[in-house]
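Residues 56 to 205 (the working numbering) are what the sequence shown spells out, left to right. Every residue gets a Cβ at the ideal spot worked out from N, C-alpha and C, and that includes glycine. Owing to the predicted nature of the structure, the values given are computational and were not obtained by experimental measurement. Read through the structure below, which is laid out as C-alpha cells, and then see the notes.
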Amino acid sequence: MRLKRKLLVLGLVMVTAVAGLGISNLASANYGDPGSSSDPLVTRSYVDNLVQKKFEEYASTVQPGGGSLKWQVKTLQAGETFIGTAGTEFILRGGAAVIVDPTGSGIPDITSGSNYTAGKQIPSNHLFTLPRSDGRGIKATKQAIIMYRG
Numbered sequence: 056m057r058l059k060r061k062l063l064v065l066g067l068v069m070v071t072a073v074a075g076l077g078i079s080n081l082a083s084a085n086y087g088d089p090g091s092s093s094d095p096l097v098t099r100s101y102v103d104n105l106v107q108k109k110f111e112e113y114a115s116t117v118q119p120g121g122g123s124l125k126w127q128v129k130t131l132q133a134g135e136t137f138i139g140t141a142g143t144e145f146i147l148r149g150g151a152a153v154i155v156d157p158t159g160s161g162i163p164d165i166t167s168g169s170n171y172t173a174g175k176q177i178p179s180n181h182l183f184t185l186p187r188s189d190g191r192g193i194k195a196t197k198q199a200i201i202m203y204r205g
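In C-alpha cells:
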C-alpha cells in the first residue's frame, strides 16, 4: 500500500512539473510587439494608412497625359471645333454637332457600340471616346453643349 501511495505522489509531482514547464513556455513565448511586422494582427487604422499611401503612389502615376477625371461642361458656338486627346470622353448634351476625323478611322460611340466617321451627325446623350491624339473631335453645326473629361 505504501508503494502505491509513493507511486501516486510521484506521478502527481511529475504531471505537475510537466504542466508547469508547459505553462512557463507558453508565458514566455514571443508573439511580437503590437504593430510590429511579427504581430499577426493589425489595427484598421494601420491598414487604412497603408492603403491610402499605396493609393497615392498609384494615383501619381496614372495620368501622364495630364487629363482630368472630372467632367467639365463646355458650350461650343456654331462652327467652333472641339479636339480632344487620347482617352478624352465626351457627351453632346444639347444642340447639334458633327464628327471631325482627319484620319478616316472614326470615333467610337460607346453607348451604341458603333463607329462615327467624319461629317456624321452626333446623337445627344451618347458617350464617345477618342482613341488617339490625332485631331479627332467634333464641330458644332449650331450652338452645342458638351460634357467632357480627359
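Sequence-distant residues of the same chain with beta carbon closer than 6 Å to residue i, five excluded per side
i, result
"LYS175", "ILE154"
"LYS129", "ILE201"
"TYR171", "ILE154, GLY161, ILE162, ASP164"
Chain-order list of residues whose beta-carbon lies under 7 Å from that of residue i (same chain, five-residue window excluded)
i, result
"ALA199", "LEU131, LEU147, GLY149, GLY150, ALA151, ALA152"
"SER188", "THR140, ALA141"
DSSP bridge partner residues for residue i (one or two, in chain order)
i, result
"MET202", "VAL128, ILE146"
"PHE137", "ILE193"
"ILE154", "ILE193"
"TYR171", "ILE162"
"PHE183", "PHE145, ASP164"
"GLN176", "VAL153"
Cut-off 8 Å between Cβ atoms - residues of its own chain near residue i, not counting five sequence neighbours on either side
i, result
"ILE138", "VAL155, GLY190, ARG191, GLY192"
Residue i burial status per 10 Å Cβ neighbour count (16 or more: buried)
i, result
"ILE78", "exposed"
"VAL195", "According to the sequence provided, residue 195 is Ala. The question's Val does not apply to it. ALA195 should be labelled buried."
Taking 8 Å as the threshold, find out whether the region 158-171 comes into contact with the region 181-198 through three or more Cβ pairs.
-> Because the criterion of three Cβ pairs below 8 Å is met, the region 158-171 and the region 181-198 touch.
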